[in-house]
Each structure stands twice: as structure tokens, then as C-alpha cells.
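According to the working numbering, the residues represented by the sequence shown are 3 to 253, in order.
Think of the CB as a built atom: it goes at the ideal place given N, C-alpha and C, for glycine as much as any other residue.
Because the structure is a prediction, the values reported are computed rather than measured.
In what follows, a structure is listed as C-alpha cells, so that the remarks can point back to it.
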Amino acid sequence: EGEAYYDWAIRASTTTRLTPDEIHQQGLDELKTLHGRMDPILREIGYTKGSVGERMRALSADPRYQFAEGDPGRAEIFAFIEDRLKWIRAQMPRAFNQVVNPNMEVRRLPLAEEPGAPGAYGGAGSKDGSIPGRFWINLRTTDLHRKYDLADLTFHESIPGHVWEGEFSNRLPLIRSILAFNAFSEGWALYAEQLADELVPAPSLVCAAGVQSHHGSKLPQDQRPMILHPRQLSTATASSNEFVKGVLLLE
């Protein structure tokens with residue numbers, strides 16, 4: 003009864019009656035649109051040959067956008083995140099009439115958790131404020147991250163994404179703050195990326211559903227354009243488990 007359960011999970015998480023295949027197709031359609039927007043940008047910076055996916059793989063291999071290996075690179079990543087957080091905090095009064103200042107930490111994922119974890123995740127702290135919100139970053143290898151996509155990841159998981167949204171939810175009545183809908187929480191975080199994009203350019207990529215309902219690797223090759231970087235294959239699979247609604251964005 004796996005398919006029936008998955009259909010129920012889709013309805014519960016998205017509050018729609020869309021089927022997994024319909025959501026998957028929506029993602030593919032959106033991916034096509036985004037590829038159309040990415041093509042001229044890639045051409046402008048000198049990547050003119052091959053599909054968008056092939057050019058993104060080439061971009062991923064460009065040393066200009068890579069962090070150093072090992073602990074020096076991990077320190078670079080933390081410094082990069084803190085710089086983006088400092089910037090986005092200063093922008094929030096431009097975007098919100100009611101501004102919160104979340105108690106938040108940026109932490110590396112526990113070593114034992116990193117191999118099977120997504121590139122990052124974040125969430126609010128406790129309702130009474132005694133436990134801070136946390137932005138957890140996977141640093142098992144610095145090759146998981148690039149300078150052109152780490153800003154979007156930061157905005158999605160922390161401010162104005164999951165941690166910021168959690169601060170608002172924690173102020174709501176108890177039932178509302180503990181009753182979670184994936185479509186709302188992930189929709190907020192995806193909007194957070196778009197909001198940051200309006201404040202500063204930050205290109206995004208879409209990864210359609212199918213890793214779950216189509217078992218990922220069994221998809222035809224031409225329906226797997228979402229795995230644009232070899233380094234993201236494992237984290238895309240891990241991340242897909244967070245998003246039962248079937249559509250996830252990988253920046």
C-alpha cells in the first residue's frame with residue numbers, strides 16, 4: 003500500500019488533490035522555465051556550449067566558485083554564511099513591517115549525521131526562547147557547496163527562511179505553532195529565496211519531484227535534469243526525504 007500512503011502524504015503535506023505525477027510534471031515545467039532564464043546568464047559569463055545541465059556541471063568545476071578543502075574551507079564557509087546573515091538582517095526592515103530578531107546559531111551537523119544528511123537544514127528554537135533556532139550546515143566535505151549557491155541556501159534555511167518563519171510561528175497560539183504543513187513551511191522558505199533575490203541577485207535551480215514517487219535513479223535520463231552537479235547527487239536524494247510534497251529547490 004506504499005503508493006496509497008504516498009498519495010495520502012502528498013495531500014496532507016500540500017493540502018491539494020494533485021497527484022505525485024502532476025506535481026512532478028509541474029516541477030519539470032518549472033525547471034524548463036528556469037533553464038530558459040539561466041541560459042543567457044551562463045552565456046554571459048562564458049558558458050556557451052552544451053545543455054544548461056552540462057554547463058552547470060562545468061560551472062561547478064570552476065575553481066573560482068569552490069571553497070578550499072578541509073578545515074580552511076570550512077572556515078571560509080562559516081565566514082561566508084555570517085557575512086550573508088549580516089547583510090540580510092540589515093535588509094529585513096525593507097521587506098517586513100514587523101521585524102523579529104531570532105536567537106540563532108549556525109552549527110556544523112554532527113559528524114555521524116553528515117553522510118546521509120542534506121546539504122543543510124534549519125528551524126526555529128523553542129517557543130519560550132531558551133533554545134535558539136539553528137542553521138545546520140553539512141561540512142563532511144567543502145565540495146558540497148559553491149560560492150554561487152551558498153547564499154540562497156543560507157536565506158532558505160535561516161533568515162528570512164525557516165528560522166525567521168519559526169519566530170513568527172512561535173508567537174502564534176500553541177496549536178498553530180506546533181501544527182506544521184510542509185507546503186506552508188517550504189513555501190515560506192522558497193519565497194525567502196525569492197525575496198532575497200529581489201534584494202540582491204541570487205539565481206535558483208529547481209529540482210522536480212520523482213526521487214520519491216519515481217525512485218530517482220529509475221527515471222529516464224532526460225527526466226533527471228535536476229541533478230545538475232555530481233556533488234549534489236547524494237544530497238539531492240537525502241533532501242528529497244524532507245519534502246514529501248515532491249518538489250524541492252536546490253540552490
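Quick check on this structure: which residue in 124, 93, 16, 112 has the alpha carbon closest to the alpha carbon of residue 165?
The shortest C-alpha separation from residue 165 is found at 124.
My output table needs one value for residue 49: the three-state DSSP class, helix, strand or coil.
In this structure, residue 49 counts as coil in the three-state DSSP scheme.
Helix, strand or coil: how does DSSP classify residue 196 here?
Three-state result, residue 196: helix.
Taking the alpha helix (DSSP H) that residue 84 belongs to, which residues open and close that run?
It spans 72 to 97 - the alpha helix (DSSP H) in which residue 84 sits, taken as one unbroken run.
Check for me: the beta strand (DSSP E) holding residue 107 runs from which residue to which?
Run containing residue 107: 106 to 110, per the beta strand (DSSP E) assignment.
Would you kindly report the start and end of the unbroken beta strand (DSSP E) that includes residue 123?
Here the beta strand (DSSP E) through residue 123 covers 122 to 125.
When the Cα of residue 172 is compared with those of 134, 3, 195, which residue comes out closest?
Among 134, 3, 195, the Cα nearest to that of residue 172 is on 134.
I need the straight-line Cα distance from residue 72 to residue 188, nearest angstrom please.
Going from the Cα of residue 72 to the Cα of residue 188 covers about 31 Å.
Going by beta carbon distance, what residues of the same chain come within less than 8 Å of residue 105, once the five residues before and after it are set aside?
127, 131, 134, 135, listed in sequence order.
Beta-carbon within less than 6 Å of residue 195's beta-carbon, same chain only, minus the 5 sequence neighbours each way: which residues are those?
Excluding positions up to five away in sequence, the list reads 154, 157, 158, 206.
Within 10 Å of its beta-carbon, does residue 48 have 16 or more other beta-carbons around it, so buried, or fewer, so exposed?
Answer is exposed; the Cβ neighbour count stays below 16.
Write down every uninterrupted run of the beta strand (DSSP E) in the segment 124 to 197 whose length is 3 residues or greater and which is fully enclosed by it, in chain order.
Fully enclosed beta strand (DSSP E) runs of 3 or longer: 135 to 139.
Could you have a look at residue 28 and say whether DSSP puts it in helix, strand or coil?
Looking at residue 28 - three-state DSSP - the assignment turns out to be helix.
Identify which residue in 35, 3, 143 has its Cα closest to the Cα of residue 78.
Nearest option by C-alpha distance: 143.
From this set, 192, 122, 183, 68, which residue's C-alpha is nearest residue 16's C-alpha?
Ranking the options by Cα distance to residue 16, first place goes to 183.
From the DSSP output, which residues share a beta bridge with residue 68?
148, per the DSSP bridge assignment.
Between the alpha carbons of residue 52 and residue 177, how many angstroms are there, rounded?
One C-alpha to the other measures close to 51 Å.
Indicate whether residue 26 and residue 54 have their beta-carbon atoms separated by less than 7 Å.
Not a contact, by the Cβ cut-off of 7 Å.
What would DSSP say about residue 54, mapped onto helix, strand or coil?
Helix at residue 54.
Here's the rule: buried if 16 or more other CB atoms are within 10 angstroms of the residue's CB, otherwise exposed. What is residue 200?
Result: exposed.
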